[in-house]
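Read in order, the letters of the sequence shown are residues 60 to 337 in this note's numbering.
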Amino acid sequence: FGQWDYQINANWNSTVSLSANGYWTQYIGNELNLTPRFALVRKLGNHQRIIAKIASGYSPPSIAELRPSAGTINTNLKSEKGWNKEITWRGKYAFFDWDLTAYQFDLDETIVIRRAADGSDYFVNAGKTTQQGIELTYTVQLGQHLSLRNSESIQNFRFGDYVSGTKNYAGNRLTGTSPYQHASLLQWQIHPRLLWNSQFLFTDFLYLNDANTTVLASSRVWNSKISYQRKHWELWLTVENMTNELYVSGPDLNATGNRFYNASPGRYFQAGLKITLN
């Protein structure tokens, strides 16, 4: 790995790096990958920056993907490789900060999960995918002891040249990815030892199979927690899924016989006591 930083002037900075990675398995053989990265930063006064990045990367299949639950070693699985291009606008002030990023990630040999008739998992390379998106994270300090943090994600992830047997899935949405997600976290320091937070999660619809014929509906989940802390112990109470939303947080993608769904818990309460011994 090598990196070169160059300060162009007071407002411009650049970084160039190159990483060489070797990968070897008995079944796939040797792989040597060179992954360059280039970044350019423009300061906009003392509180804002624009950051542009272009980077190459690769991800070899994991052991769980090479030898999934079926127990058969997949000797045909290839490493994922791709190029990512993104631009970020970042700002930080006393009571407000944000991070806004637009990106496009072009990935080759995307690894996707399949399920056999007996319910066991296996993985295949799905050719090219294009992953475009916009991500926004911002925090607002509403008071000395009250803050709100939000994150938004808009995603347009689609298969490129993915053909499985006689079926062509090019242009379909990437299985298991939602076009929009939102998360909010409200924190209130009621007392130096008493903290309350409320979390809201929204996940838009997503497709459960590569053919995009089965849809998982959107979900809205509210969680809340209050905790009281002392030096050596903490007492807390949580309410999960406050509105008793019917949803699935971890579906089985491309499941045989349309066995996609693993229902998540309804509304439930938890209380706990944590003791620290020094």
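Just so it is clear, CB atoms sit at the ideal spot from N, CA and C, and this is done for glycine as well.
Check, Outcome
"Inter-residue CB distance, residue 117 and residue 133 (contact presumed, cutoff 8 Å)", "Rounded, the Cβ-Cβ distance is 18 Å, inconsistent with contact."
"Cβ contact (3+ pairs, closer than 8 Å) linking the segment 230-241 and the segment 265-278", "yes"
"Range covered by the alpha helix (DSSP H) that runs through residue 124", "122-125"
"At least 3 beta-carbon pairs within less than 8 Å: the segment 138-145 vs the segment 99-118", "yes"
"Buried versus exposed call for residue 303 [16 or more other C-beta atoms within 10 Å across all chains shown]", "exposed"
"C-beta contact flag for residue 164 and residue 124 at 7 Å", "no"
"Extent of the continuous beta strand (DSSP E) run through residue 299", "292-299"
"Environment of residue 59 [buried if 16+ CB atoms lie within 10 Å]", "Here the chain comprises residues numbered 60 to 337, so residue 59 is not present and cannot be evaluated."
"Neighbour-count burial assignment, residue 239, 16 or more Cβ in a 10 Å radius", "exposed"
"Whole-Å CB distance - residue 297 paired with residue 329, under 8 Å assumed", "5 Å"
"Cα-Cα separation between residue 185 and residue 72, rounded to whole angstroms", "38 Å"
"Between the CA atoms of residue 109 and residue 75 - distance to the nearest angstrom", "17 Å"
"As assigned by DSSP and simplified to three states, the class of residue 215", "strand"
"Burial state of residue 324, where buried means 16 or more other Cβ atoms lie within 10 Å", "exposed"
"Nonlocal neighbours in the same chain, by C-beta distance under 6 Å from residue 81, ignoring five residues either side", "91"
"Helix, strand or coil at residue 169 according to DSSP, with G and I counted as helix", "coil"
"Backbone CA spacing between residue 326 and residue 280 [nearest angstrom]", "10 Å"
"Three-pair Cβ contact test at 8 Å for the segment 193-205 versus the segment 223-232", "no"
"Enclosing beta strand (DSSP E) for residue 311 [first to last residue]", "Note, residue 311: premise wrong, no beta strand (DSSP E); not H, not E."
"For residue 155 and residue 173, the rounded distance between their alpha carbons", "44 Å"
"Test item: CB-CB of residue 99 and residue 120 under 7 Å", "no"
"Alpha-carbon to alpha-carbon, residue 314 and residue 215", "23 Å"
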